[in-house]
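Asks: Quick one: structure below, then a few questions.
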Amino acid sequence: MVRGAAVTLDRLQGNDATIYWRATCRQLGAELLDLGCPEDVMRGEIMNFQDAVQMELMWLHRNEEALG
């Protein structure tokens, strides 16, 4: 899920990226709540997911940064 979100975000620009990202996080949050996850735990999981996607985006572009 992390890699897929990062790849999709990398392909999108501007408002399309924002819409996708918000929908993805909302969907994940809803799934966690449906599974009985407490709201505060769900929020923490969403934050962890956001961090993981950011790291994946950085990893996807690691060669670009190395080339300057």
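According to my numbering, the residues represented by the sequence shown are 555 to 622, in order. Here a beta-carbon is modelled for each residue, glycine too, at the ideal position from N, C-alpha and C.
1. Which same chain residues end up closer than 8 Å to Met596 when comparing Cβ atoms and leaving out the 5 residues on each side of it in sequence?
2. Count the other CB atoms within 10 Å of the CB of Val561; is the residue buried (16 or more) or exposed (fewer)?
3. With a threshold of 8 Å between beta-carbons, can Asp570 be considered close to chain B, or not?
4. If the criterion is Cβ atoms closer than 8 Å, does the pair Val556 and Glu610 meet it?
Replies: With the given structure in hand:
1. On the sequence shown, residue 596 is found 42 positions in, with the first residue counted as 1. Correct list, in chain order: Gly583, Leu586, Leu587.
2. The residue you call residue 561 lines up with position 7 of the sequence shown. Per the 10 Å Cβ criterion, exposed.
3. Although the question refers to chain B, the structure presented lacks it and comprises just one protein chain.
4. Here residue 556 is taken as the residue at index 2 of the sequence shown, counted from 1. Here residue 610 is taken as the residue at index 56 of the sequence shown, counted from 1. Going by C-beta atoms, Val556 is nearer than 8 Å to Glu610.
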